[in-house]
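Report on the structure given below.
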Amino acid sequence: MVTKTEETQLNRLESQVDNGGGGAWEYLCLVRKLKVRRSVKVLKHGLWILNDSKKRSSLGPEEWTLYEQVAVAAMDCQSLDVAKDCVNVLQKKFPESKRVGRLEAMLLEAKGSWGEAEKAYSSLLEDNPFDQVVHKRRVALVKAQGNLSGAIDFLNKYLETFMADHDAWRELAEIYISLQMYKQAAFCYEELILSQPTVPLYHLAYADVLYTLGGIENLLTAKKYYSITIDLTGGKNTRALFGNLSVHVSYCTAFKRTKQGRQGQSRLAIFGVSSFGERVQAESF
Amino acid sequence: MAEDLVLDTAIRDWVLIPLTVVMILIGILRYFVSKLMQSQQTPDAKVVKEGQVVVRARNLRAGANFIPAKSFRARRAYFSNEENGLLHVPKGQGQNPQAQMFSDPNMAMDMMKKNLSMIIPQTLTFAWVNFFFSGFVAAKIPFPLTQRFRSMLQNGIDLSTVDVSYVSSRSWYFLNLFGLRGLFSLILGEENAMDDTQRMMQMGGFGFDPTKIDTAKVVLTGIDGYCHWGYTAL
Numbered sequence: 001m002v003t004k005t006e007e008t009q010l011n012r013l014e015s016q017v018d019n020g021g022g023g024a025w026e027y028l029c030l031v032r033k034l035k036v037r038r039s040v041k042v043l044k045h046g047l048w049i050l051n052d053s054k055k056r057s058s059l060g061p062e063e064w065t066l067y068e069q070v071a072v073a074a075m076d077c078q079s080l081d082v083a084k085d086c087v088n089v090l091q092k093k094f095p096e097s098k099r100v101g102r103l104e105a106m107l108l109e110a111k112g113s114w115g116e117a118e119k120a121y122s123s124l125l126e127d128n129p130f131d132q133v134v135h136k137r138r139v140a141l142v143k144a145q146g147n148l149s150g151a152i153d154f155l156n157k158y159l160e161t162f163m164a165d166h167d168a169w170r171e172l173a174e175i176y177i178s179l180q181m182y183k184q185a186a187f188c189y190e191e192l193i194l195s196q197p198t199v200p201l202y203h204l205a206y207a208d209v210l211y212t213l214g215g216i217e218n219l220l221t222a223k224k225y226y227s228i229t230i231d232l233t234g235g236k237n238t239r240a241l242f243g244n245l246s247v248h249v250s251y252c253t254a255f256k257r258t259k260q261g262r263q264g265q266s267r268l269a270i271f272g273v274s275s276f277g278e279r280v281q282a283e284s285f
Numbered sequence: 001m002a003e004d005l006v007l008d009t010a011i012r013d014w015v016l017i018p019l020t021v022v023m024i025l026i027g028i029l030r031y032f033v034s035k036l037m038q039s040q041q042t043p044d045a046k047v048v049k050e051g052q053v054v055v056r057a058r059n060l061r062a063g064a065n066f067i068p069a070k071s072f073r074a075r076r077a078y079f080s081n082e083e084n085g086l087l088h089v090p091k092g093q094g095q096n097p098q099a100q101m102f103s104d105p106n107m108a109m110d111m112m113k114k115n116l117s118m119i120i121p122q123t124l125t126f127a128w129v130n131f132f133f134s135g136f137v138a139a140k141i142p143f144p145l146t147q148r149f150r151s152m153l154q155n156g157i158d159l160s161t162v163d164v165s166y167v168s169s170r171s172w173y174f175l176n177l178f179g180l181r182g183l184f185s186l187i188l189g190e191e192n193a194m195d196d197t198q199r200m201m202q203m204g205g206f207g208f209d210p211t212k213i214d215t216a217k218v219v220l221t222g223i224d225g226y227c228h229w230g231y232t233a234l
């Protein structure tokens, strides 16, 4: 996760470079370090550096890293000729490199030749079964073809070995949600909460999934998690406040006939209504 | 004893500066040699998986109060189940990490190489300093010292009346040894093989005997004994 200071620094550098103030190389290094997805800007400024041979030679050995970064950005923006040029340059320089092999396979994937890309990734994985990036690219490939259950298979196999990779858990949770497999998605979100308990996003998503699952126990747990999110975000997260409210409403309508329902936590409900109302008013001005 | 000795400036030119320059050059040489000698380590499937399992189990223990009790119990059973739990190691078979370290030839070679690359240049330089630069006063330390330091700092100087602040070149060698670390991290970048002092501290810290510590078992006992209280306040 990108911290607030890093984010402000990134935005500052971005506006500086956009207005012609120089510092393109620092911007590109920061984007690479933080792994954010700013492909259009990376492509524009990267090409600006690479096309000028003086600037290019001033980079020294970092030039090849820049080629790699620009190649990936070009693939993201679908400028496949630019990507192909960059990959060719890298291939001439490093003919037997696995990293370049990976880029070539990504280029095949970007072009849409699924079969060839799949073959390329499998052969890369045979050489080095611990290359996490190639595993994940294979999952992305399968997902892009629309084969979500295949993506789930690959991801599960990946997570059997690399079970501490929280990005993979997050991706798996989102796939499960899109397939409406909410119980499994809840499991994934629990993993995420365990590894990063201070990120309110995961608590919120978990609460959403529990609320969708329904049932009295899940509703109560969802209420707890909405409250935790409100706590972690200092009351500023409108979605959590709304979720809190919705849980109360469903709880009361579904279970008001039972004694438990009538005893329901009305103080929290009243607080929920008032704070949600305030928040909506604050945001609409 | 309080008189000021006037030291020849030739000492500064021909002893202090060359010694520093030589140590810097030797450091840079070691850095490049270590880069060349780095062997490619192919990770073992079992080791990778076990490492990840341990991280996940540790997360489970640390964040156990953030997930519902039922999920925690399910995960705990997954890790510590008698028959097929991931972390469960049957009594006689606990992997002994240190024995494993020595039986694995690659790791043993790596450790030896790292240790040697630290010990040999240090020994050689020290011998060189002692041979060429002993027997005279090299420098004066700007603050006064007690008599206890005499044997350490004045090894070649056999006069017992000289103030302890006047030291021999051996102490200049040690000063450089510990002080050039900061310089190396500036010119060689953060990750360099020059962190001798760190490694020396690590070797000293081995006294806690890694044979008795089996990571998986530690995490397992931690999880087993965990009492889950969950979010009861809400």
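Quick note, the sequences are listed as chains A and B, same order. Counted from 1, the first sequence has number 133 at position 133 by full-length UniProt numbering; the numbering is strictly sequential. Counted from 1, the second sequence has number 76 at position 76 by full-length UniProt numbering; the numbering is strictly sequential. Ideal Cβ placement from N, Cα and C applies to all residues, glycine included. Model, not experiment: these values are computed from the prediction.
For B/Lys140, the three-state DSSP class (helix, strand or coil): strand
Does DSSP put A/Val2 in a helix, in a strand, or in coil? coil
Does any CB atom of chain A fall closer than 8 Å to the CB of B/Val55? yes
Reference A/Asn244; option with closest CA among A/Lys136, A/Asp208, A/Leu232: A/Asp208
Please list, in chain order, the chain A residues whose beta carbon lies closer than 9 Å to that of B/Ile28. Per Cβ cutoff of 9 Å: no residues; B/Ile28 is ~18 Å from chain A at best.
Taking only beta-carbon positions, decide if residue 264 of chain B is within less than 8 Å of chain A. Since the first residue of chain B shown is 1 and the last is 234, residue 264 of chain B is not available in this structure.
So if I threshold CB-CB distances at 7 Å, which residues from the segment 104–125 of chain B count as touching chain A? none
In angstroms, rounded to a whole number, what distance separates the CA positions of A/Lys111 and A/Asp85? 14 Å
Does the CB of A/Ser195 have a neighbour CB from chain B at under 8 Å? yes
By how many angstroms is the C-alpha of A/Ala222 removed from the C-alpha of A/Val247? 7 Å
Can you round the beta-carbon distance between A/Leu43 and A/Ala73 to whole angstroms, since I take them to be within the 8 Å contact cut? 4 Å
Range covered by the alpha helix (DSSP H) that runs through B/Thr161: That residue, B/Thr161, is in no alpha helix (DSSP H); it is neither H nor E in DSSP.
Relative to the ligand SAM, is the shortest distance from any of its heavy atoms to the C-beta of B/Thr9 smaller than 7 Å? As far as ligands go, the structure on display features none, and thus does not contain the ligand SAM.
Using Cβ-Cβ distances below 7 Å, what residues of the segment 166–193 of chain B are close to chain A? none
Which residues share a DSSP beta bridge with B/Val167? B/Ala139
Going along chain B, which residues have a C-beta under 8 Å from A/Thr221? Pro68
Residue of A/His45, A/Asn19, A/Gly21, A/Gly20 minimising C-alpha distance to A/Cys29: A/His45
Nearest-angstrom Cα distance between B/Ala193 and A/Pro61? In this prediction, B/Ala193 scores a pLDDT of 49, lower than 50, which makes its location untrustworthy; the coordinate-derived value is nonetheless stated afterwards. Rounded to the nearest angstrom, the two C-alpha atoms are 21 Å apart.
In three-state terms, what does DSSP make of B/Gly92? In this prediction, B/Gly92 has a pLDDT of 49, which is less than 50 and means its spatial position is unreliable; nothing more can be read from the coordinates.
Could you check what DSSP says for A/Asn237 in three-state terms: helix, strand or coil? coil
Contact list for B/Ser71 against chain A, beta-carbon separation under 7 Å: Glu190
Using the three-state DSSP reduction, which class does B/Pro18 fall into: helix, strand or coil? helix
Just to make sure I have the definition right: I need the residues of chain A whose C-beta is within less than 8 Å of the C-beta of B/Val48. Which are they? Phe130, Thr161, Phe162
Going along the chain, which residues of its own chain have a beta-carbon closer than 6 Å to the beta-carbon of A/Ala212, five neighbours each way excluded? The question names Ala, yet the displayed sequence has Thr at residue 212 of chain A. Cβ within range, chain order: Tyr182.
So, A/Leu194 versus B/Asn59, is the Cβ gap smaller than 8 Å? yes
Do the segment 166–186 of chain B and the segment 13–26 of chain B make contact, defined as three or more Cβ pairs closer than 8 Å? yes
Between the Cα of A/Thr235 and the Cα atoms of A/Ser275, A/Leu210, A/Pro197, A/Cys252, which residue gives the shortest distance? Before going further, note that residue 235 of chain A is Gly rather than Thr in the sequence given. Nearest C-alpha to A/Gly235: A/Ser275.
Secondary structure of B/Ile67, DSSP reduced to three states: coil
Tell me, please, whether the CB atom of B/Asn81 is closer than 8 Å to any CB atom in chain A? no
Excluding the five sequence neighbours on either side, which residues of its own chain have a C-beta within less than 6 Å of the C-beta of A/Pro200, listed in chain order? Thr229, Leu232, Thr233
Taking the alpha carbon of B/Leu7 as the reference point, which residue from B/Gly156, B/Val167, B/Phe126 has its own alpha carbon closest? B/Val167
Cβ of B/Leu60 less than 8 Å from any chain A Cβ? yes
CA-CA distance, A/Pro129 and A/Tyr67? 26 Å
Helix, strand or coil, according to DSSP, for A/Glu63 in the structure here? helix
Which residues mark the beginning and the end of the alpha helix (DSSP H) in which A/Arg38 is found? Per DSSP, A/Arg38 belongs to no alpha helix (DSSP H) and is neither H nor E.
According to DSSP, is A/Ala144 helix, strand or coil? helix
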